[in-house]
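In this note's numbering, the protein residues as written are 43 to 473. Even for Gly, the Cβ is constructed at its ideal location relative to N, Cα and C. Remember, predicted model here, so these are calculated numbers, not experimental data. First the structure, in the form of structure tokens, and then the observations on it.
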Ligand code: AMP
């Protein structure tokens with residue numbers, strides 16, 4: 043299958059060839075013809091599947107086909123909403139790259155940066171606007187943005203937008219759009235909330251599902267290394283050094299942990315920077331650029347900051363801490379093994395996280411291989427401590443400070459829980 047056979051114009055095919063793409067990905071094969079036909083779409087696809095080109099290419103084609111006459115003022119005809127600034131910036135980069143041979147204009151607007159340059163761009167006029175919901179509404183409030191001519195609405199990573207509490211903003215934005223328009227919704231999961239949202243604005247949508255989100259790429263090797271809580275950083279430094287890893291994305295649960303870990307790694311002589319929501323937009327963009335260019339060996343990120351990061355051919359993802367929400371594990375490891383490249387996802391798991399691991403394995407419908415690294419065997423006398431403030435309903439300061447989890451007795455084949463871990467009433471609190 044080629045891009046030409048999907049019905050894309052010569053200008054767009056040229057642009058994708060220049061990107062080095064030789065053939066469409068499965069989501070592109072399915073989505074492009076449907077979008078060109080004018081259908082509303084509900085697509086389940088994660089980052090890494092090529093979904094951005096899947097909606098951007100046909101969008102550009104349709105906008106170009108019905109181009110405004112020369113001399114006419116440009117108005118926003120396509121609105122792409124994304125949950126994070128990074129994703130917004132990356133989507134717009136794709137719009138620019140794929141549309142480089144077309145006379146269409148685009149802009150990206152998100153919070154955390156000055157609003158005036160954005161106002162200037164909007165004043166000059168754009169065809170395609172990529173935006174995060176909050177800043178978009180700021181512009182609407184300041185009357186610097188007119189959405190009354192929008193023909194295409196795309197919600198990218200809709201599940202994450204709901205997770206981040208954008209539902210009301212999305213509803214407010216929809217009211218501002220013309221009723222007659224084409225709508226595309228992309229989401230890694232089809233939860234009830236997503237279905238409800240979709241039912242509210244999609245018209246007879248065509249459904250596309252690409253690789254169940256419970257089944258990440260087979261190219262990603264997933265390994266668990268059991269290790270004690272206080273020895274994780276030492277183990278990570280050792281792995282990076284001894285295996286000579288050059289580009290590693292490391293996940294922590296919290297901003298604080300991301301900062302602390304990047305500082306500790308720096309002390310170990312490993313260049314690292316942290317990327318999370320408390321960092322200014324400039325600092326986040328710089329950290330990502332330094333990482334992509336190879337100036338920084340390790341990027342430590344929280345789930346929200348990392349969402350949608352487009353880093354090609356990332357060979358190593360490390361879960362320094364398992365996420366509270368098992369779906370986030372799948373998103374995390376989706377950063378590696380992309381577009382045909384092999385990748386490795388390593389999880390450093392301490393006794394506190396055994397229930398998290400179990401939840402992940404349940405979601406993945408398989409056990410993950412556990413490999414104890416010599417010299418880092420777990421100390422069975424260390425008792426599990428609860429992980430505060432997670433979305434697992436354990437409130438900080440409430441309940442017991444310890445749980446009854448253990449790695450079981452056979453340390454060389456450490457398994458979470460194991461038959462020796464008796465169910466207890468405390469355990470119920472983690473469900
Ligand atoms: P996305 O899922 O949109 O975040 O895209 C994931 C990565 O795949 C990006 O780095 C794209 O540049 C790349 N990509 C998109 N389409 C193709 C294709 N047809 N062939 C090879 N790589 C692609």
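Rounded to whole angstroms, what is the Cα-Cα separation between residue 104 and residue 162? Using only the alpha carbons, I get a separation of about 26 Å.
What residues are listed by DSSP as bridge partners for residue 84? 227 and 249.
Own chain partners of residue 316 with C-beta closer than 6 Å, once the 5 adjacent residues on each side are dropped: Only 300, 301, 304 and 342 meet the Cβ criterion.
Rounded to whole angstroms, what is the Cα-Cα separation between residue 94 and residue 416? Rounded to the nearest angstrom, the two C-alpha atoms are 43 Å apart.
Which of the three DSSP states, helix, strand or coil, is assigned to residue 40? Look at the range of the chain in this structure, 43 to 473, and you will see that residue 40 is not part of it.
Residue 66: beta carbon under 7 Å from a heavy atom of the ligand AMP? Checking the Cβ of residue 66 against the ligand AMP gives yes.
I want to check one thing, is the minimum distance from the CB of residue 329 to the heavy atoms of the ligand AMP below 7 Å? Incorrect: residue 329 has no Cβ contact closer than 7 Å to the ligand AMP.
For residue 191, collect the residues of the same chain with a Cβ closer than 8 Å to its Cβ; drop the 5 residues on either side in sequence, then sort them by chain order. Taking C-beta separations shorter than 8 Å and ignoring five residues to either side along the sequence, the partners of residue 191 in its chain run 117, 118, 119 and 220, following chain order.
Check whether the stretch 384-394 touches the stretch 266-275, taking contact to mean three or more Cβ pairs, one atom from each stretch, closer than 8 Å. Under the 8 Å Cβ criterion, the stretch 384-394 counts as touching the stretch 266-275, having at least three qualifying pairs.
As an exercise, report each continuous beta strand (DSSP E) stretch of at least 3 residues that is fully enclosed by the stretch 109-166, in chain order. As far as the stretch 109-166 is concerned, its whole beta strand (DSSP E) runs of at least 3 residues are 120-123 and 148-151.
Close Cβ partners of residue 193 (< 6 Å) along its chain, the five nearest in sequence each way excluded: Within the same chain, residue 193 has close Cβ partners 119 and 223.
Buried or exposed (CB count within 10 angstroms, at least 16 for buried), residue 85: When all chains shown are included, residue 85 counts as buried.
Is residue 475 helix, strand or coil by DSSP? The first residue shown for the chain is 43 and the last is 473, placing residue 475 beyond what the model contains.
Identify the residues that DSSP records as bridge partners of residue 305: which are they? DSSP, once it has assigned bridges, lists no residue as partnering residue 305.
DSSP state of residue 419, grouped into three classes? Collapsing the DSSP output to three states places residue 419 in coil.
Between the stretch 359-367 and the stretch 287-296, can you find at least three pairs of beta-carbon atoms closer than 8 Å? When Cβ pairs closer than 8 Å are counted between the two stretches, the stretch 287-296 is seen to touch the stretch 359-367, the count reaching three or more.
Specify the secondary structure class of residue 367 as computed by DSSP and reduced to three states. Three-state result, residue 367: coil.
When DSSP labels each residue in this structure, what does residue 283 get in the three-state scheme? In the displayed model, residue 283 falls within a helix according to three-state DSSP.
Taking residue 385 as part of the beta strand (DSSP E), name the residues at either end of that continuous run. Residue 385 -> beta strand (DSSP E) spans 385-391.
Just the C-alpha distance for residue 215 and residue 145, rounded to the nearest angstrom, thanks. If you take the alpha carbons of residue 215 and residue 145, they lie about 27 Å apart.
Just mark residue 70 as buried or exposed, buried being the case when its beta carbon has 16 or more other beta carbons within 10 Å. Counting the other Cβ atoms within 10 Å of the Cβ of residue 70 gives 16 or more, which makes it buried.
C-alpha distance - residue 442 paired with residue 403, whole-angstrom precision: Residue confidence is low: residue 442 scores 40 on pLDDT, short of 50, so the model does not pin down where it sits. No coordinate-derived value is stated.
In three-state terms, what does DSSP make of residue 194? Secondary structure at residue 194: strand, using DSSP grouped into helix, strand and coil.
With C-beta atoms as the reference, is residue 225 less than 8 Å away from residue 187? Remark: C-beta atoms of residue 225 and residue 187 do not approach each other more closely than 8 Å.
I need the boundaries of the beta strand (DSSP E) containing residue 293, first residue and last residue. Start and end: 290-293.
Whose C-alpha, out of 164, 387, 328 and 424, is nearest the C-alpha of residue 185? When only C-alpha atoms are compared, the closest one is 164.
First through last residue of the alpha helix (DSSP H) which encompasses residue 210: Residue 210 -> alpha helix (DSSP H) spans 209-217.
Which class does residue 438 belong to by DSSP, given the choice of helix, strand or coil? Unreliable placement is indicated for residue 438, whose pLDDT of 40 sits below 50; no coordinate value is reported for it.
Applying the criterion that 16 or more other CB atoms from any shown protein chain within 10 Å of the CB defines a buried residue, is residue 217 buried or exposed? Around the beta-carbon of residue 217, fewer than 16 other beta-carbon atoms lie within 10 Å, marking it exposed.
CB-CB under 8 Å to residue 410, same chain, minus the five flanking residues each way: which ones, in chain order? Counting only Cβ-Cβ distances below 8 Å, and skipping sequence neighbours, we find 264, 265, 266, 389, 399, 402 and 403.
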